[in-house]
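Q:
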Amino acid sequence: MAADPHVLDAGHARAVAARHADQADDHRAVGPEAVEAVVSAGFARHLVPARWGGGAGGFAELTRAVADVGRADTSAAWLASLFAYSARLGAYLPEDGQAELWDKGPDALVAAALVPGGRARATPEGWRVSGHWPYTSGIDAADWALACTRPEDGGPVFAAVPRADFTTADSWHTVGMRGTASHTLVLDDVLVPAHRVFRSADSAAGRSVGNPGPVFEVPLRAISGLTFAAPLLGAGRGAFDDFRGTLRPGSPVPVGVARADGEIDAAHLLLHRVAVTADRGGTGPAEVARGLRDSALAASLLVSAVDRLVTAAGTAGQSRDRPLQRFWRDVHTASSHVALRFDKASAAWLQLLEESTDRRSAE
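Heads up: the sequence shown at position 156 corresponds to 156 in full-length UniProt numbering, and the numbers run straight through without jumps.
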């Protein structure tokens, strides 16, 4: 267990996740043992403000640790990443909301629904929120839900809702990433007091309440791709580890394996630069656009790498008892996330290039 809130014990979480990976895939949920290992390793508290007992940690360290867990199970790594990044959003709540969220300690598990949905109606007591939010990863294990919703007037807001006030609908039936249990969050006319609501624009701009420092001042878009790409880096490494088990002495190794290993290394370097840039406070439009592009590019490289490894392994790689086929399914499912679609993720970078070209031509 990571006794120091600034240290992530990824090795412990990885070992437990490895033992339960097949069960998570079969049962469509990372089991309680692996979830507890993720919590005790320090992921839930890593990006929680220090004044609430958290680590206020860095993105580079988190990326490394998430990838380490992903080497054993992509789904467990996905939850480790999402629990960390979702908890960070709590730092944008008003002061009383932060105090309530972390009243029992910094390890509260938060599941965030980032895409605006449902409806919110203002009342004298706060907000009445209703709706359905599909693809809410980790919602079954969560102590709190953060739902992005649209009020009758104004821009989207996030509403923090405790476990007792939400339900879920079983809706996650996928080929890969089965263990994430990304089911549908359901709110039915839930009263959310004003101190548990913040504007989406505040997290987008990095305007935290009482929590200075790059980890809370970085715009959401600067790290949004990193959140979802880091588990895939682990999957790529795990796939390579398992591929080596299919090799036989004296048999030639296909050249595609060298390219796959290079693609995994390239993805690592891209994601490391995104994380280090965020840790250093590099949050200008160019850095944000490059980070979005690079995170999606890294995901594409990792899909390509795992595809090459599966091809090189032949029939042996398709065996149900080999992790390689699970990693293969995982990377294809995870890479379909909107944050990792290269055409969308590269749009901001392309726009900046076009604007720069126009300015030069006008000079």
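We put the CB at the ideal spot given by N, CA and C, even for glycine.
Note that this is a predicted model, so its numbers are computed, not measured.
#1: Is the CB-CB distance between L297 and A230 below 9 Å?
#2: What does DSSP give as the partner residue(s) for G126 in the beta ladder?
#3: What residue from A72, A15, W52, R45 has the CA that sits closest to L62's CA?
#4: Whose C-beta lies closer than 7 Å to the C-beta of L301 among residues of the same chain, with five residues either side of it excluded?
#5: Report the residue from L233, R273, R341, S361 whose alpha carbon sits nearest the alpha carbon of A72.
#6: Tell me the rounded alpha-carbon separation between V306 and T74.
#7: What residue range does the alpha helix (DSSP H) around F228 cover?
#8: Going by beta carbon distance, what residues of the same chain come within less than 7 Å of V66, once the five residues before and after it are set aside?
#9: Anyone know if the C-beta pair for V215 and A56 falls short of 9 Å?
#10: Can you check which of these residues, V192, E287, A34, D170, is closest to V16 by C-alpha distance?
#11: According to DSSP, is R207 part of a helix, a strand, or is it coil?
#12: Kindly confirm or deny that the segment 116-128 and the segment 87-102 touch, where touching means at least three C-beta pairs closer than 8 Å.
#13: Is F158 helix, strand or coil by DSSP?
#14: What is the DSSP secondary structure of W144, reduced to helix, strand or coil?
#15: On a CA-only basis, which of E287, G281, S361 is nearest L270? Give me that one, please.
#16: Please tell me whether V274 and G206 are closer than 9 Å, where the distance is taken between their beta carbons.
#17: With H, G and I counted as helix, E and B as strand and the rest as coil, what does DSSP make of A113?
#18: Here's a check: name, in chain order, each residue in its chain whose Cβ is nearer than 7 Å to the Cβ of D279, leaving out the five neighbours to either side.
#19: Should V115 go down as buried or exposed, given a rule of 16 or more other Cβ atoms within 10 Å for buried?
#20: With respect to the beta strand (DSSP E) encompassing L350, which residues constitute its N-terminal and C-terminal limits?
#21: Please list the segments of the alpha helix (DSSP H) lying wholly inside the segment 22-110, counting only runs of 4 or more residues, in order along the chain.
#22: Return the Cβ separation of W133 and A159 in integer angstroms, given the expectation that the two are a contact with Cβ distance under 8 Å.
#23: Using the rule of at least 16 other Cβ atoms within 10 Å of the residue's Cβ for burial, across every protein chain shown, is D330 buried or exposed?
#24: The beta strand (DSSP E) spanning D189 covers which residue range?
#25: Around the C-beta of T168, are 16 or more other C-beta atoms found within 10 angstroms, so that it is buried, or is it exposed?
#26: Tell me which residues share the same chain as H20 and place their Cβ nearer than 7 Å to its Cβ, disregarding the 5 neighbours each side in the sequence.
#27: Over what stretch of residues does the alpha helix (DSSP H) that includes A299 continue unbroken?
#28: At the level of alpha carbons, what is the spacing between A147 and V38?
#29: Enumerate in chain order the residues of its own chain whose CB-to-CB distance from H337 is below 6 Å, with the five nearest sequence positions on each side excluded.
#30: Is it the case that the segment 249-258 contacts the segment 184-204, given that we only count it when at least three CB pairs across the two stretches are under 8 Å?
#31: Could you check where the alpha helix (DSSP H) with F198 kicks off and where it finishes?
#32: If distances are taken between C-alpha atoms only, which option among V157, A112, V129, G70 comes closest to A84?
#33: Could you give the first and the last residue of the continuous alpha helix (DSSP H) run that contains A275?
#34: Below 9 Å between beta carbons: does that hold for S304 and A260?
#35: Are K42 and D68 closer than 9 Å when you measure CB to CB?
#36: Measuring straight from C-alpha to C-alpha, what distance separates R119 and G155?
A: Let me lay it out:
#1: Taking the sequence shown and counting its residues from 1, the one referred to as residue 297 is at position 297. Taking the sequence shown and counting its residues from 1, the one referred to as residue 230 is at position 230. Cβ atoms of L297 and A230: not closer than 9 Å.
#2: Walking along the sequence shown from the start, residue 126 turns up at place 126. In the DSSP output, where bridge partners are listed per residue, G126 has T123.
#3: As a position in the sequence shown, residue 62 is number 62, starting the count at 1. Out of A72, A15, W52, R45, R45 has the C-alpha closest to the C-alpha of L62.
#4: On the sequence shown, residue 301 is found 301 positions in, with the first residue counted as 1. Counting only Cβ-Cβ distances below 7 Å, and skipping sequence neighbours, we find E263, A266, A267.
#5: Here residue 72 corresponds to residue number 72 of the sequence shown, with the count starting at 1. Comparing Cα-Cα distances from A72 to each of L233, R273, R341, S361, the minimum goes to L233.
#6: Within the sequence shown, numbered from 1, the residue matching residue 306 stands at position 306. Within the sequence shown, numbered from 1, the residue matching residue 74 stands at position 74. Each residue's alpha carbon lies about 13 Å from the other.
#7: Here residue 228 is taken as the residue at index 228 of the sequence shown, counted from 1. Taken as a continuous stretch (DSSP letters only), the alpha helix (DSSP H) holding F228 covers 221-244.
#8: Position 66 of the sequence shown holds residue 66. Contacts found: A77, A80, S81, A230, P231, G234.
#9: Within the sequence shown, residue 215 is the residue found at index 215, counting from 1. Within the sequence shown, residue 56 is the residue found at index 56, counting from 1. Contact flag set, yes.
#10: Residue numbering aside, residue 16 sits at position 16 when the sequence shown is read from its first letter. It is A34 whose Cα lies nearest to the Cα of V16.
#11: For the purposes of this step, residue 207 is identified with residue 207 of the sequence shown, where counting begins at 1. Coil.
#12: no
#13: In the sequence shown, the residue the question calls residue 158 occupies position 158. In the structure shown, F158 sits in a strand (DSSP, three-state: E or B).
#14: Your numbering for residue 144 matches position 144 in the sequence shown. Looking at W144 - three-state DSSP - the assignment turns out to be strand.
#15: Stepping through the sequence shown from its first residue, residue 270 is reached at position 270. Nearest C-alpha to L270: E287.
#16: Numbered from 1 along the sequence shown, position 274 holds the residue referred to as residue 274. Numbered from 1 along the sequence shown, position 206 holds the residue referred to as residue 206. Not closer than 9 Å, so no.
#17: On the sequence shown, residue 113 is found 113 positions in, with the first residue counted as 1. Strand at A113.
#18: Taking the first residue of the sequence shown as position 1, residue 279 is located at position 279. Taken in chain order, the residues that qualify are G58, F59, A60, P214.
#19: Position 115 of the sequence shown, counted from the first residue, corresponds to residue 115. Burial call: exposed.
#20: Residue mapping note: residue 350 aligns to position 350 of the sequence shown, counting from 1. Per DSSP, L350 belongs to no beta strand (DSSP E); it is in the alpha helix (DSSP H), 347-362.
#21: 32-40, 59-70, 74-89, 95-101
#22: For the purposes of this step, residue 133 is taken as residue 133 along the sequence shown, with counting starting at 1. For the purposes of this step, residue 159 is taken as residue 159 along the sequence shown, with counting starting at 1. The pair is not a contact, with the Cβ atoms about 11 Å apart (cut-off 8 Å).
#23: As a first step, residue 330 must be located in the sequence shown, where it is residue number 330. By the C-beta density criterion, D330 is buried, having at least 16 other C-beta atoms within 10 angstroms.
#24: Within the sequence shown, residue 189 is the residue found at index 189, counting from 1. Here the beta strand (DSSP E) through D189 covers 183-192.
#25: One-based indexing of the sequence shown puts residue 168 at position 168. T168 is buried by the Cβ-count criterion.
#26: If you number the sequence shown from 1, residue 20 lands on position 20. Correct list, in chain order: G31, E33, A34.
#27: Your numbering for residue 299 matches position 299 in the sequence shown. From DSSP, the alpha helix (DSSP H) with A299 extends over 285-313.
#28: Translated into the one-based positions of the sequence shown, residue 147 becomes position 147. Translated into the one-based positions of the sequence shown, residue 38 becomes position 38. If you take the alpha carbons of A147 and V38, they lie about 23 Å apart.
#29: For the purposes of this step, residue 337 is taken as residue 337 along the sequence shown, with counting starting at 1. Counting only Cβ-Cβ distances below 6 Å, and skipping sequence neighbours, we find F228.
#30: no
#31: One-based indexing of the sequence shown puts residue 198 at position 198. Looking at the DSSP string, F198 is not in any alpha helix (DSSP H); the run it does join, the beta strand (DSSP E), is 197-199.
#32: Within the sequence shown, residue 84 is the residue found at index 84, counting from 1. Ranking V157, A112, V129, G70 by Cα distance to A84 puts A112 first.
#33: Numbered from 1 along the sequence shown, position 275 holds the residue referred to as residue 275. Unbroken alpha helix (DSSP H) run through A275: 255-279.
#34: Against the sequence shown, residue 304 aligns to sequence position 304. Against the sequence shown, residue 260 aligns to sequence position 260. Between S304 and A260, the CB-CB gap stays under 9 Å.
#35: In the sequence shown, the residue the question calls residue 42 occupies position 42. In the sequence shown, the residue the question calls residue 68 occupies position 68. Going by the sequence as given, residue 42 is Gly instead of Lys. With respect to D68, G42 sits apart: the two C-beta atoms are not nearer than 9 Å.
#36: What you label residue 119 is simply residue 119 of the sequence shown in a count that begins at 1. What you label residue 155 is simply residue 155 of the sequence shown in a count that begins at 1. Approximately 12 Å, taken between the alpha carbons.
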